[in-house]
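In the UniProt record's numbering, the protein residues as written are 1 to 694.
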């Protein structure tokens with residue numbers, strides 16, 4: 001498999017194009033003797049071929065004592081190291097005490113490269129070429145430096161956000177002892193920042209100038225990576241004056257995002273790189289390898305919440321809550337304990353919800369069982385049309401579709417709408433733009449998702465018994481297909497709207513509540529009330545004719561006022577007529593409400609007048625009121641407890657969000673992440689037995 005990078009459409013192009021090779025076609029090869037690991041070698045620097053080679057001068061030594069670096073080849077005792085695999089070069093000096101850096105006796109030059117430790121694992125490698133001549137070493141140093149400095153795609157300045165509390169909380173020591181020397185060897189400009197609180201990344205991304213950096217790096221877990229990605233994408237939209245709303249077409253950032261995994265799960269890094277190794281991630285950043293990845297925008301109430309790659313509702317969110325709870329006390333077994341706790345009979349229960357989605361145009365036929373690897377044709381063949389704007393297909397929920405007894409897919413094609421509706425009870429709802437590989441799911445929670453196909457995988461696990469659900473969990477940890485169950489539905493979608501279903505007029509004490517019957521009874525009550533009001537109005541007219549209505553003091557006052565107005569009418573007819581009409585209107589408004597005792601009640605606002613002493617409650621009544629209030633509070637707590645069982649939080653890239661009605665939309669190839677994808681010869685080991693499966 002060759003080395004490729006990707007253009008704007010996600011198609012592969014060679015990393016080293018012919019134009020870059022032509023820049024060094026006139027350079028003359030340089031060959032001189034050097035000492036490597038105590039043995040003599042003839043070292044040749046060929047910029048025209050982009051190669052650094054060395055051959056042993058002794059017949060007994062067939063090869064050097066160092067591992068074969070990068071993509072180097074050993075041919076008849078000659079090691080050919082491509083310069084594209086070199087990320088740094090320096091002059092080796094011996095400094096005296098107190099002598100500044102850059103001065104001292106020259107001892108040779110150092111080449112910083114890597115070697116392959118497995119299908120997806122790389123390790124950094126430092127090769128010392130010893131020679132006392134400083135002028136000779138400068139020839140090699142200047143040539144290699146000139147070649148790798150302007151190599152396409154390589155960054156020169158970084159902005160690093162580090163979460164020191166992620167995973168085993170050893171990120172600071174790892175950065176100082178191992179990662180920072182690699183950046184210094186590559187002569188990289190690094191701006192380092194430790195994250196202090198949850199909004200620190202968002203606040204920092206608002207004020208920084210994106211043009212000052214070539215790459216944004218997130219060092220931590222999935223939550224840190226998601227916050228950095230959200231900050232970069234939001235800053236890019238603000239810079240390009242893009243109105244962020246549902247159905248908008250986002251602007252693509254001009255720089256990639258590097259992820260150095262130091263968290264607990266690291267499903268983003270594992271999906272892009274194949275494993276969660278910090279050194280491999282740093283090498284991908286330094287060498288400029290990156291792949292385009294789909295990103296999902298999450299809206300809540302027409303407001304952009306954040307950008308994500310993997311979202312879960314139900315069991316996945318509950319397990320994350322327990323994992324955060326057990327992280328300090330049961331590390332490193334917090335994940336096992338959380339899965340065991342969330343899958344117990346008491347905690348495992350379904351959630352009623354409505355899911356609306358727009359199916360993807362491309363069907364899952366020949367690609368249904370194809371895993372996304374390096375050179376994936378599914379990702380490469382997908383094209384992005386930048387000239388055509390995406391249509392806003394956002395439509396409100398139809399209240400007529402909100403029934404509590406539907407567990408089927410409802411096709412709305414009759415209304416010429418692309419949306420389809422799925423209602424029912426689910427143990428888990430998942431949305432994946434990436435395979436979401438992690439330690440307890442080596443091949444991914446959605447193993448057939450692709451990085452750059454412009455689609456999401458909607459995974460719906462229906463309400464089934466605990467034994468079958470545990471079988472589903474076990475399939476995530478081995479090589480079998482976890483979706484090969486009748487209670488699991490996998491749909492390839494473009495856009496999803498989600499809402500939990502809580503019955504209207506629901507009572508936590510009524511276990512036999514039925515929403516349709518409740519609405520029917522409510523309509524019957526409203527109809528009966530309307531007929532009673534009409535009967536009362538008829539009785540009032542008869543009572544008025546028979547003068548049997550008992551008048552209130554307010555009515556007597558209105559009658560007295562009307563007599564005064566009649567006297568004034570003789571003086572001014574026009575003024576009297578207006579006052580009489582206003583009095584009649586006030587009288588009619590005062591007599592439009594009648595209680596059961598046939599007493600007219602005035603509906604107009606009146607000043608409160610207290611007649612006589614106020615009533616004072618007895619001690620028995622006060623105790624009765626206290627007991628009643630206590631019972632009301634108890635009922636409210638019980639209702640809140642029952643409501644918590646009807647819905648849970650969302651797990652958005654291992655970050656809990658207490659939002660429920662969300663709108664998801666996938667954006668094809670919106671972001672570039674440093675990595676190369678999964679190697680075709682990757683070997684996935686089974687996670688092993690969870691406590692619940694023993």
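Backbone N, C-alpha and C fix where the C-beta goes; we use that ideal spot for every residue, glycine too. Bear in mind the structure is a predicted one, so any value in this text is a computation, not a measurement.
Extent of the continuous alpha helix (DSSP H) run through residue i
i: residue 631; result: 619-646
i: residue 335; result: 334-342
i: residue 271; result: 267-273
i: residue 228; result: 222-239
i: residue 450; result: Taken as a continuous stretch (DSSP letters only), residue 450 belongs to no alpha helix (DSSP H), as it is neither H nor E.
i: residue 469; result: 466-476
i: residue 279; result: 278-287
i: residue 324; result: 315-326
i: residue 748; result: Given a span of 1 to 694 for the chain in the structure shown, any question on residue 748 remains unanswerable.
Length of the line joining the Cα atoms of residue i and residue j
i: residue 134; j: residue 256; result: 38 Å
i: residue 231; j: residue 244; result: 14 Å
i: residue 686; j: residue 438; result: 11 Å
i: residue 179; j: residue 375; result: 29 Å
i: residue 636; j: residue 518; result: 21 Å
i: residue 644; j: residue 311; result: 20 Å
i: residue 441; j: residue 271; result: 11 Å
i: residue 479; j: residue 36; result: 44 Å
i: residue 207; j: residue 192; result: 15 Å
i: residue 521; j: residue 527; result: 10 Å
i: residue 34; j: residue 129; result: 6 Å
i: residue 117; j: residue 436; result: 23 Å
i: residue 719; j: residue 23; result: Given a span of 1 to 694 for the chain in the structure shown, any question on residue 719 remains unanswerable.
i: residue 634; j: residue 642; result: 12 Å
i: residue 219; j: residue 196; result: 13 Å
i: residue 136; j: residue 95; result: 19 Å
i: residue 120; j: residue 459; result: 28 Å
i: residue 445; j: residue 488; result: 13 Å
i: residue 201; j: residue 236; result: 15 Å
i: residue 353; j: residue 164; result: 37 Å
i: residue 335; j: residue 247; result: 37 Å
Cβ separation of residue i and residue j, assumed to be a contact under 8 Å, to the nearest whole Å
i: residue 162; j: residue 194; result: 5 Å
i: residue 451; j: residue 293; result: 5 Å
i: residue 176; j: residue 225; result: Their Cβ separation, rounded to whole angstroms, is 21 Å, which puts residue 176 and residue 225 out of contact at 8 Å.
i: residue 86; j: residue 111; result: 6 Å
i: residue 30; j: residue 140; result: 7 Å
i: residue 355; j: residue 455; result: Actually they do not touch by this definition, with Cβ atoms about 16 Å apart.
i: residue 221; j: residue 265; result: 7 Å
i: residue 348; j: residue 466; result: 6 Å
i: residue 320; j: residue 654; result: 6 Å
i: residue 166; j: residue 263; result: 4 Å
i: residue 52; j: residue 81; result: 5 Å
Within 8 Å, strictly: CB atoms of residue i and residue j
i: residue 434; j: residue 309; result: yes
i: residue 661; j: residue 498; result: yes
i: residue 274; j: residue 682; result: yes
i: residue 172; j: residue 210; result: no
i: residue 250; j: residue 667; result: yes
i: residue 337; j: residue 492; result: no
i: residue 283; j: residue 114; result: yes
i: residue 351; j: residue 425; result: yes
i: residue 186; j: residue 102; result: no
i: residue 217; j: residue 148; result: no
i: residue 646; j: residue 500; result: yes
i: residue 287; j: residue 664; result: no
i: residue 123; j: residue 107; result: no
Segment limits, beta strand (DSSP E) that includes residue i
i: residue 40; result: 39-46
i: residue 187; result: Note, residue 187: premise wrong, no beta strand (DSSP E); not H, not E.
i: residue 137; result: First-last for residue 137: 134-149, but that is the alpha helix (DSSP H), not the beta strand (DSSP E).
i: residue 356; result: 351-359
i: residue 34; result: 30-36
i: residue 490; result: 488-500
Residue i burial status per 10 Å Cβ neighbour count (16 or more: buried)
i: residue 674; result: buried
i: residue 629; result: exposed
i: residue 159; result: buried
i: residue 38; result: exposed
i: residue 564; result: Residue placement at residue 564 is poorly supported in this model, since its pLDDT is 46, which falls under 50; the coordinates still yield a value, given next. When all chains shown are included, residue 564 counts as exposed.
i: residue 214; result: buried
i: residue 669; result: buried
i: residue 475; result: buried
Proximity test, residue i beta-carbon vs the ligand ADP heavy atom, cut-off 7 Å
i: residue 117; result: As far as ligands go, the structure on display features none, and thus does not contain the ligand ADP.
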